[in-house]
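Trainee: Position 162, counted from 1, in the sequence shown is what the working numbering calls 156; the numbers after and before it change by one each time, with no gaps. We put the beta carbon where it would ideally sit given N, CA and C, even for glycine. Sharing a structure with you now.
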Amino acid sequence: MNRRAFLAGCGAVASLGVFGRGGLASDDPLRIRVWLSDRAAEYDKVGSRACEHLDSALAPVGDGVQVTMAEETVTLPAEGGRQVLARHWPRRVLEGAVGGDVNPTTGVNLLVTDGDPTEQPAGYGRRYVAASTGARYIAEMDLPEEAPGDLRYSVAGVATQLLLHECGHALGLTHAHGRATVSDGRVVASPMVGSYLWRPAEVRRQYLDETNACGDPLPPPTAEGERRLGLRYSPCALGALPS
Ligand SMILES: [Zn+2]
């Protein structure tokens, strides 16, 4: 932990106050704190783009969820790999070793690294803690208002959707909260379904059921159309979030 993170986009959390009250009252918003690794923070726009896309995707839940930027960056032993994403980062959050007065159980701590989002595992997410790679690509993303709700496949699109996917897990969502729609020759996968939709059938079955948690059927693996990456949570996902 050394430098201060670039702070455009969403507001910084004050070091004292937010988590310093011995837990959040039930009517306080669920706070997503976005952390950047030291290397991720070298891309000027990554913090603001990450916050803007999270803000945009979560806008329908109103004040129930609030996205903020951590004030400091995180020094990591590596930018990717299961050891860092799924063990090192969650352990540091749990041990309170990320600085400030982070409470690991009352808000989401979401780390963005400069790892390769095309290598597995590209991210990690469980209740309250998540990590996502692809900082350099997220930094290149268009602003949400310039990007439509769904995108043609690109690494930047994959990395941005992955950020929403892992954050969704940290907010308590599962793959069953996602959906995919087919219309006008386009197959659009929402963030919680993501690219699993297009994995080979036997792999897809491990991650996705045929219908989602709200009873919406997913298109069959044979569904034809341009593959599009959705940057909006499904109604089923939004309905499961605090509002
Ligand atoms: Zn997942």
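1) If I measure Cβ to Cβ from A34 and keep anything under 7 Å in the same chain, skipping five residues before and after, which residues do I get?
2) Throw me the rounded Cβ distance for the G172 and A124 pair, which I believe falls under 8 Å.
3) Is any heavy atom in ligand 1 found nearer than 7 Å to the beta carbon of G209?
4) Report the rounded CA-to-CA distance for P185 versus G224, giving the unit in angstroms.
5) Whose CA, out of L167, T205, I26 and P214, lies closest to the CA of A195?
6) From what residue to what residue does the alpha helix (DSSP H) around S42 run?
7) Identify, in the order they occur along the chain, each residue of the same chain with its Cβ nearer than 7 Å to the Cβ of L235, setting aside the five sequence neighbours on each side.
8) Contact defined as beta carbons within less than 8 Å: I believe L24 pairs with G101. What is the distance between those atoms, to the nearest angstrom?
9) Run the proximity test for G128: is its beta-carbon closer than 7 Å to any non-hydrogen atom belonging to ligand 1?
10) Taking 7 Å as the cut-off, is the C-beta of H171 nearer than that to any heavy atom in ligand 1?
11) Enumerated in chain order, which unbroken segments of the alpha helix (DSSP H) with a length of 4 residues or greater are wholly contained in the segment 177 to 211?
12) Measuring CB to CB, does P111 end up less than 8 Å from A153?
13) Between the segment 205 to 220 and the segment 127 to 141, do three or more beta carbon pairs fall short of 8 Å?
14) Quick one, which of V187, P71, S50 and D32 has its alpha-carbon nearest P305's?
15) Considering only C-alpha positions, which residue in the set R27, R222 and H47 is nearest to Y147?
Mentor: According to the structure data:
1) Counting from one through the sequence shown, the residue named residue 34 turns up at place 40. So the qualifying residues of the chain are V40, V106, T107, D108 and A129.
2) Working through the sequence shown from its first residue, we reach residue 172 at position 178. Working through the sequence shown from its first residue, we reach residue 124 at position 130. Contact between G172 and A124 is ruled out by a C-beta separation of about 16 Å, above the 8 Å threshold.
3) On the sequence shown, residue 209 is found 215 positions in, with the first residue counted as 1. No, the Cβ of G209 stays beyond 7 Å of every heavy atom of ligand 1.
4) Taking the sequence shown and counting its residues from 1, the one referred to as residue 185 is at position 191. Taking the sequence shown and counting its residues from 1, the one referred to as residue 224 is at position 230. Taking the straight line joining both Cα atoms gives about 6 Å.
5) Indexing the sequence shown from 1 puts residue 195 at position 201. Considering only alpha carbons, the answer is P214.
6) Start at 1 with the first residue of the sequence shown, and residue 42 comes out as number 48. Bounds of the alpha helix (DSSP H) holding S42 are V40 to L52.
7) By one-based count along the sequence shown, residue 235 stands at place 241. Only residues of its own chain outside the window of five on either side were considered, and among them V55, G58, V59 and L165 have a CB closer than 7 Å to the CB of L235, listed in chain order.
8) Residue numbering aside, residue 24 sits at position 30 when the sequence shown is read from its first letter. Residue numbering aside, residue 101 sits at position 107 when the sequence shown is read from its first letter. So it is a contact: roughly 6 Å between Cβ atoms.
9) If you number the sequence shown from 1, residue 128 lands on position 134. At a threshold of 7 Å, G128 does not count as near ligand 1, since its beta carbon sits no closer than that to any of the ligand's heavy atoms.
10) Translated into positions along the sequence shown, residue 171 becomes position 177. Not so, every heavy atom of ligand 1 lies at least 7 Å from the Cβ.
11) Within the segment 177 to 211, the complete alpha helix (DSSP H) runs of at least 4 residues are 195 to 201.
12) As a working note, residue 111 is residue 117 in the sequence shown. As a working note, residue 153 is residue 159 in the sequence shown. Taking the C-beta atoms as reference points, A153 is found nearer than 8 Å to P111.
13) The way I'd put it, the segment 205 to 220 doesn't touch the segment 127 to 141; fewer than three beta-carbon pairs between them come closer than 8 Å.
14) Residue 305 falls outside the range modelled here, since the chain spans only -5 to 237, and no answer is possible.
15) Sequence index remark: in the sequence shown, residue 147 carries index 153 (1-based). Looking only at R27, R222 and H47, the smallest Cα-Cα distance to Y147 is reached by R222.
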